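Quick notes on the structure that follows.
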Amino acid sequence: MFSIEKVNEMSKPQFVKEIGHVYENSPWVAEAAWIFTGFKDIQHLKDAMKNKVITTNHQKQIQLLCAHPDLGARLEMTDASKKEQTQAGLNELTEKEYETFLRLNTSYVNKFGFPFIVAVKEHNKESVQKQMELRLENNQEQELKKALNEVCKIAGYRLDEIIKST
Numbered sequence: 001m002f003s004i005e006k007v008n009e010m011s012k013p014q015f016v017k018e019i020g021h022v023y024e025n026s027p028w029v030a031e032a033a034w035i036f037t038g039f040k041d042i043q044h045l046k047d048a049m050k051n052k053v054i055t056t057n058h059q060k061q062i063q064l065l066c067a068h069p070d071l072g073a074r075l076e077m078t079d080a081s082k083k084e085q086t087q088a089g090l091n092e093l094t095e096k097e098y099e100t101f102l103r104l105n106t107s108y109v110n111k112f113g114f115p116f117i118v119a120v121k122e123h124n125k126e127s128v129q130k131q132m133e134l135r136l137e138n139n140q141e142q143e144l145k146k147a148l149n150e151v152c153k154i155a156g157y158r159l160d161e162i163i164k165s166t
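If you want it as structure tokens, here you go:
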């Protein structure tokens, strides 16, 4: 774990190496947020990174979302994603649940062009499925905003695991 003071002392390459993984396969977020070093606390860092995500161009936002694995999928994913999905029980789906998740994920990607994303730390497999069903009713603009917010929540939880709160 790092203190916020230690984070503020990091060179750009070190900052990207140590912090860059919190946004799934998207170290560019940390790279862009590094210019704001001098963070008062962890929330200031979270806000700086979220600001970079929200203000970047649409194409880069979609690429960020597409860097996330399908929930409940039996595919390669980062260690952080594996851990989070395991905590929500998504690694123990029955065959029927797996088929439901696969169908919902496919419908979601077909409608929105990026995978369904939710901060699974706040959910179990039943509530994740319910969220998928509800959010399929959103329009493109609503869902892009919601998905980006969820990505930022996930990154926030990951930052909480590597930076000591003061």
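Each residue of the sequence shown is one higher than the last, beginning at 1 in my numbering.
Where a beta carbon is used, it is the ideal one built from N, C-alpha and C, also for glycine.
Keep in mind the model is a prediction, meaning the values are calculated, not measured.
- Per DSSP, K153 is one residue of the alpha helix (DSSP H) stretching across 140–162.
- Excluding its 5 nearest sequence neighbours in each direction, Q131 has C-beta neighbours in its own chain below 6 Å: V118, listed in chain order.
- In the structure shown, F2 falls within a strand segment according to DSSP collapsed to helix, strand and coil.
- Residue ranges of uninterrupted alpha helix (DSSP H) with 4 or more members, entirely inside the stretch 23–55 and ordered along the chain, are 28–33, 42–55.
- The DSSP-derived three-state label of F114 is coil.
- Short of 7 Å from the beta carbon of S165, and not among the five residues preceding or following it, lie these beta carbons of its own chain, in chain order: I42.
- The beta carbon of E143 is closer than 7 Å to those of F112, R135 in its chain, skipping five residues each way along the sequence.
- Counting along the chain, K121 sits inside no alpha helix (DSSP H), nor does DSSP assign it H or E at all.
- The Cβ atoms of E24 and H58 do not sit closer than 8 Å to each other.
- The alpha-carbon of K12 is positioned some 29 Å away from that of K145.
- In terms of Cβ geometry, E31 and G20 form a close pair [threshold 8 Å].
- DSSP places H58 inside the alpha helix (DSSP H), whose first and last residues are 58–66.
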